[in-house]
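**Q** According to numbering that gives the first Met the number 0, numbering within the sequence shown proceeds without interruption in unit steps and concludes at 711. Here you go, one structure.
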Amino acid sequence: MAADGAPQVTEPEETEVSEAQIAVHWREEELYRPPPKFIGQANASDPAIRARFTEEHFPDCFKEYADLLTWDQYWHTTLDTSNPPFWRWFVGGRLNACYNCVDRHLETRPNQAALIWVPEPESEATHAITYRELYRRVNEFAALLEGFCGLKAGDRITFHMPMVPELPIAMLACARLGIIHSQVFGGFSGAACGGRIADSGSTVLVTIDGYYRNGELIDHKVKADEAVKRAHEEGMDVDKVLVFRRHAGQYASTTPMVDGRDYFVDDVMPEYAGKVVPPVSMPAEAPLFIMYSSGTTGRPKGCQHSTGGYLSYVAGTSKFYQDIHPEDTYWCAADIGWITGHSYIVYGPLALGTTSVMYEGVPTYPDPGRPWRIAERLGVNIFHTAPTTIRMLRKVGPDEPLKYDYHFKHMTTVGEPIEPGVWRWYYDVVGKGEAAIVDTWWQTENGGFLGSTLPALEPMKPGSCGPGVLGIYPVIYDENGEEVPAGSGKAGNICIRNPWPGIFQTIWGDPERFVSTYYEKYCRNKDSTDWHDWPYFANDGAMQAADGYFRILGRVDDVINVAGHRLGTKELESASVLVEEVAEAAAVPVVDELRGRAVEMYISLKPGVDPKSGIEDKVAAAIESEIGKVARPKNVWIVPDMPKTRSGKIMRRVIAGISNFTDVGDITTLANPEVVDEIRVHVEKEKVARGEAPRELTEAEIEEIKKFGQAE
Ligand code: PRX
Numbered sequence: 000m001a002a003d004g005a006p007q008v009t010e011p012e013e014t015e016v017s018e019a020q021i022a023v024h025w026r027e028e029e030l031y032r033p034p035p036k037f038i039g040q041a042n043a044s045d046p047a048i049r050a051r052f053t054e055e056h057f058p059d060c061f062k063e064y065a066d067l068l069t070w071d072q073y074w075h076t077t078l079d080t081s082n083p084p085f086w087r088w089f090v091g092g093r094l095n096a097c098y099n100c101v102d103r104h105l106e107t108r109p110n111q112a113a114l115i116w117v118p119e120p121e122s123e124a125t126h127a128i129t130y131r132e133l134y135r136r137v138n139e140f141a142a143l144l145e146g147f148c149g150l151k152a153g154d155r156i157t158f159h160m161p162m163v164p165e166l167p168i169a170m171l172a173c174a175r176l177g178i179i180h181s182q183v184f185g186g187f188s189g190a191a192c193g194g195r196i197a198d199s200g201s202t203v204l205v206t207i208d209g210y211y212r213n214g215e216l217i218d219h220k221v222k223a224d225e226a227v228k229r230a231h232e233e234g235m236d237v238d239k240v241l242v243f244r245r246h247a248g249q250y251a252s253t254t255p256m257v258d259g260r261d262y263f264v265d266d267v268m269p270e271y272a273g274k275v276v277p278p279v280s281m282p283a284e285a286p287l288f289i290m291y292s293s294g295t296t297g298r299p300k301g302c303q304h305s306t307g308g309y310l311s312y313v314a315g316t317s318k319f320y321q322d323i324h325p326e327d328t329y330w331c332a333a334d335i336g337w338i339t340g341h342s343y344i345v346y347g348p349l350a351l352g353t354t355s356v357m358y359e360g361v362p363t364y365p366d367p368g369r370p371w372r373i374a375e376r377l378g379v380n381i382f383h384t385a386p387t388t389i390r391m392l393r394k395v396g397p398d399e400p401l402k403y404d405y406h407f408k409h410m411t412t413v414g415e416p417i418e419p420g421v422w423r424w425y426y427d428v429v430g431k432g433e434a435a436i437v438d439t440w441w442q443t444e445n446g447g448f449l450g451s452t453l454p455a456l457e458p459m460k461p462g463s464c465g466p467g468v469l470g471i472y473p474v475i476y477d478e479n480g481e482e483v484p485a486g487s488g489k490a491g492n493i494c495i496r497n498p499w500p501g502i503f504q505t506i507w508g509d510p511e512r513f514v515s516t517y518y519e520k521y522c523r524n525k526d527s528t529d530w531h532d533w534p535y536f537a538n539d540g541a542m543q544a545a546d547g548y549f550r551i552l553g554r555v556d557d558v559i560n561v562a563g564h565r566l567g568t569k570e571l572e573s574a575s576v577l578v579e580e581v582a583e584a585a586a587v588p589v590v591d592e593l594r595g596r597a598v599e600m601y602i603s604l605k606p607g608v609d610p611k612s613g614i615e616d617k618v619a620a621a622i623e624s625e626i627g628k629v630a631r632p633k634n635v636w637i638v639p640d641m642p643k644t645r646s647g648k649i650m651r652r653v654i655a656g657i658s659n660f661t662d663v664g665d666i667t668t669l670a671n672p673e674v675v676d677e678i679r680v681h682v683e684k685e686k687v688a689r690g691e692a693p694r695e696l697t698e699a700e701i702e703e704i705k706k707f708g709q710a711e
């Protein structure tokens with residue numbers, strides 16, 4: 000901050016700028032100091048913690064995280080780098096993740112709630128599941144997985160579950176036996192689930208008949224039938240579908256149960272009631288779960304996470320960055336179908352023995368006061384959500400938080416860049432000026448946080464995540480691998496120079512893609528076993544201010560971040576061309592006031608097809624059925640031809656420019672530059688008529704649009 004208290008202004012630099020080193024200028028934001036009351040009780044309040052995690056103490060600094068766990072056998076090697084970039088952490092160690100999240104808390108806090116589940120209908124009672132009760136239910140389900148399904152350590156199982164307590168219970172039951180779980184986001188379609196079943200080689204699917212969203216009991220079992228069918232088409236047969244029931248004894252779906260394949264869990268369970276299954280002692284390096292995420296190509300990547308490294312990392316970051324103590328009531332309003340839910344609803348918080356709140360439904364149902372009512376009633380003191388939710392809550396109920404008597408000590412924002420104005424509303428109104436905020440930057444691949452401030456020790460800066468977290472040494476490289484220095488006013492590709500315990504082990508079934516996507520770009524010597532030669536390429540653009548804080552600008556690959564969901568352009572395009580009339584499809588991001596980005600599809604039709612036959616709806620429906628409702632495009636534009644280079648490549652940045660009302664850039668290299676104006680006139684006119692002309696974009700947004708589609 001300047002001496003007079005006015006925010007600093009970064010002056011534009013007069014430098015020549017390459018494609019990779021885009022210059023981004025914005026106002027430097029004012030720093031916010033953490034509240035003294037928060038500092039007084041924080042897990043990390045001694046600045047010495049930073050010194051313990053500096054590079055000279057790497058990798059042994061992570062012993063501090065691993066020591067938060069109970070090991071059956073201590074490890075002999077902290078980090079084995081002999082087969083880069085397939086790092087191995089805590090080698091020789093053995094532990095059980097379920098034991099660490101459940102059993103070991105029985106002695107100290109058997110009657111404390113481990114999970115509090117809030118159903119969406121307010122007429123339904125909230126359920127508190129104590130550690131003792133969690134232990135019983137996890138054991139019973141583990142017994143069922145073993146006895147009824149015949150599953151054992153190393154086998155894979157797919158869950159397609161919404162936010163109900165049966166999901167973490169089933170995950171922990173798998174962890175107890177060493178079964179590798181793969182939870183597919185409940186909002187994804189049956190087809191998307193089926194593809195992931197086939198890729199992971201799961202023989203069992205766990206689902207539920209229905210769940211509540213926006214006041215409606217949604218039929219979910221119907222997706223299981225589609226999933227099994229799709230998995231079969233892709234060469235994988237599911238033996239058993241286990242169906243939980245949202246209301247005991249009732250069936251919320253219209254789809255028949257398939258004889259010999261589908262089983263209601265509550266029908267099978269009595270045989271396993273009261274059974275106890277000993278936790279299986281797993282090697283630290285055994286996979287704990289797979290989590291699918293989108294990338295540049297059409298096929299989702301199964302990110303494989305380890306047991307010892309992952310659990311240590313989420314326990315450590317939950318303690319120091321989420322500031323979780325066992326006596327806190329912690330509510331992460333993410334979905335367990337995403338990595339945030341795995342790490343920061345289930346594994347991290349439960350490893351620390353706290354109370355973790357889960358909410359079934361939509362935050363604004365039945366009214367925008369709902370989250371604050373939940374917080375007030377349950378005494379939530381740590382709150383964790385995403386910018387898209389914050390924007391929505393601000394829009395529909397800007398003063399609602401002030402009507403409720405809750406007090407957060409700590410809040411998190413995660414998943415997409417947050418606009419400083421939205422951040423300030425979060426701080427002033429949701430946090431009532433009393434809470435420390437962490438803006439945590441990370442990815443499905445990473446297991447846990449990569450960039451964030453230490454909440455009691457480092458000031459907050461709206462819109463910036465902060466420095467690398469403990470033991471993470473980020474760097475920004477340009478396209479040629481030259482370091483882009485802090486304070487240079489230039490952006491580049493953010494990388495992590497070192498391995499860390501939470502990093503995923505590989506892409507399930509595709510180690511080559513693992514190496515080529517994340518390590519090839521900046522590897523200095525592929526024969527080297529020195530980790531310094533293998534920086535991790537995060538596929539995000541970022542810049543670093545002079546004070547060392549990173550501002551994340553978004554993806555540099557062809558991924559569109561819609562309300563925190565990573566959607567691959569290729570997945571969207573492949574779904575669109577399933578529509579018979581469609582010849583070609585291109586997906587682009589459009590800046591959206593609430594969801595960060597929305598998807599727009601551009602479609603060209605096969606010769607002779609009449610464009611007036613409801614093709615837009617068919618494309619939207621195909622995307623919904625292949626991926627899920629989250630991917631539904633905001634608009635589908637039918638164009639006479641796609642703008643293409645002479646080599647036939649669709650220029651996505653040109654249509655992205657049109658969708659966002661920004662400059663389309665140089666079009667002289669196009670084979671058909673004349674279509675650009677034609678498309679622009681049509682799209683702009685339609686958008687203005689629909690009231691969709693965007694607000695003025697920030698410079699960073701303009702740069703993102705300009706570079707879109709350049710990843711190939
Ligand atoms: O572009 C970054 C953005 O979300 C991407 C990761 O998405 P996913 O794997 O679905 O994981 C989301 C939750 C960890 C990143 O590559 N992103 C994530 N967190 C932030 C962010 N962008 C800006 N600020 C953040 N705090």
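Backbone N, C-alpha and C fix where the C-beta goes; we use that ideal spot for every residue, glycine too.
What does a CB cutoff of less than 8 Å around Arg694 pick up in its chain, not counting 5 residues either side in sequence?
**A** Correct list, in chain order: Val590 and Glu592.
**Q** Looking only at its own chain, which residues have a Cβ that is under 6 Å from the Cβ of Val227, when we skip the five neighbours before and after it?
**A** Answer for Val227: Val237, listed in chain order.
**Q** Can you give me the Cβ contacts of Pro484 inside the same chain, cut-off strictly under 7 Å, excluding the 5 residues immediately before and after it?
**A** Result list for Pro484: empty, nothing under 7 Å.
**Q** Below 8 Å, can you find three or more Cβ-Cβ pairs linking the stretch 308-321 to the stretch 364-378?
**A** As far as the Cβ criterion goes, the stretch 308-321 does not touch the stretch 364-378, which means the pair count is below three.
**Q** Should Asp208 be labelled buried (16 or more other beta-carbon atoms within 10 Å of its own) or exposed?
**A** Asp208 should be labelled buried.
**Q** Note the first and the last residue of the continuous alpha helix (DSSP H) segment covering Lys684.
**A** Taken as a continuous stretch (DSSP letters only), the alpha helix (DSSP H) holding Lys684 covers Glu673 to Ala688.
**Q** Can you check whether the CB of Glu233 is closer than 9 Å to the CB of Ser189?
**A** Here residue 189 turns out to be Gly, not Ser, going by the sequence shown. The answer is no: Cβ separation not under 9 Å.
**Q** Would you give the residue range spanned by the beta strand (DSSP E) that Ala247 belongs to?
**A** Premise fails: Ala247 is in no beta strand (DSSP E) and is neither H nor E.
**Q** In three-state DSSP terms, what is Asn524?
**A** Residue state, collapsed to three classes: coil.
**Q** From which residue to which residue does the beta strand (DSSP E) around Thr206 run?
**A** Element bounds for Thr206: Val203 to Ile207.
**Q** Given Met391, which residues of its chain have a CB within under 8 Å of its CB, disregarding the five upstream and five downstream residues?
**A** So the qualifying residues of the chain are Pro362, Thr363 and Leu593.
**Q** Are three or more beta carbon pairs between the stretch 327-342 and the stretch 451-466 nearer than 8 Å?
**A** Judged by Cβ distances under 8 Å, the stretch 327-342 makes no contact with the stretch 451-466, as fewer than three pairs qualify.
**Q** How many angstroms separate the CA atom of Lys222 from the CA atom of Gly294?
**A** C-alpha separation (whole angstroms): 24 Å.
**Q** What's the C-alpha gap between Pro286 and Tyr358?
**A** Distance between the alpha carbons of Pro286 and Tyr358: 28 Å.
**Q** Reducing DSSP to helix, strand and coil, say where Leu67 ends up.
**A** Three-state result, Leu67: coil.
**Q** Might you give, ordered along the chain, the residues of its own chain that have their beta carbon closer than 7 Å to the beta carbon of Ile38, omitting 5 neighbours on each side?
**A** If we look at Ile38 and ignore the five residues flanking it on each side, its Cβ neighbours are Ser44 and Ala455.
**Q** Would you say the stretch 495-508 touches the stretch 304-311, given that touching needs at least three Cβ pairs under 8 Å?
**A** Flag = yes, the stretch 495-508 and the stretch 304-311 touch.
**Q** If we count Cβ pairs, one from each stretch, closer than 8 Å, do we get three or more for the stretch 465-479 versus the stretch 534-544?
**A** Segments in contact, yes.
**Q** Evaluate Pro397 with the Cβ neighbour count: other Cβ atoms within 10 Å of its Cβ, from every protein chain shown; 16 or more gives buried, anything less gives exposed.
**A** So Pro397 ends up on the exposed side.
**Q** Go through its chain and collect everything with a Cβ distance to Leu552's Cβ below 8 Å, but skip five positions before and after it.
**A** Here the set comprises Val23, Pro416, Ala490, Asp539, Gly540, Ala541, Met542, Ala699, Glu702 and Glu703.
**Q** Just to confirm, are Trp70 and Leu105 a CB contact at a threshold of 9 Å?
**A** Contact: no.
**Q** Compute the minimum distance between the beta carbon of Pro299 and the heavy atoms of the ligand PRX, and state whether it is under 8 Å.
**A** For the ligand PRX, not one heavy atom lies less than 8 Å from the Cβ of Pro299.
**Q** To test your reading of the DSSP string, which unbroken alpha helix (DSSP H) runs of 4 or more residues are found completely within the stretch 83-133?
**A** You should have 96-100.
**Q** Should Asn538 be counted as a contact of the ligand PRX given a C-beta to heavy atom distance under 8 Å?
**A** It does: the Cβ of Asn538 is within 8 Å (strictly closer) of some heavy atom of the ligand PRX.
**Q** With DSSP as the reference, identify every bridge partner of Ala692, one or two as the case may be.
**A** Bridge partners of Ala692: none, in fact.
**Q** By the 10 Å Cβ neighbour count, where 16 or more other Cβ atoms means buried, how is Asn110 classified, buried or exposed?
**A** Burial call: exposed.
**Q** Could you give the DSSP three-state label for Thr254: helix, strand or coil?
**A** In the structure shown, Thr254 sits in coil (DSSP, three-state: anything other than H, G, I, E or B).
**Q** Rounded to a whole number of angstroms, what is the C-alpha to C-alpha distance between Leu577 and Glu615?
**A** Answer to the nearest angstrom: the Cα atoms are 13 Å apart.
**Q** Under three-state DSSP, which class holds Tyr329?
**A** Of the three classes helix, strand and coil, the one that applies to Tyr329 here is strand, per DSSP.
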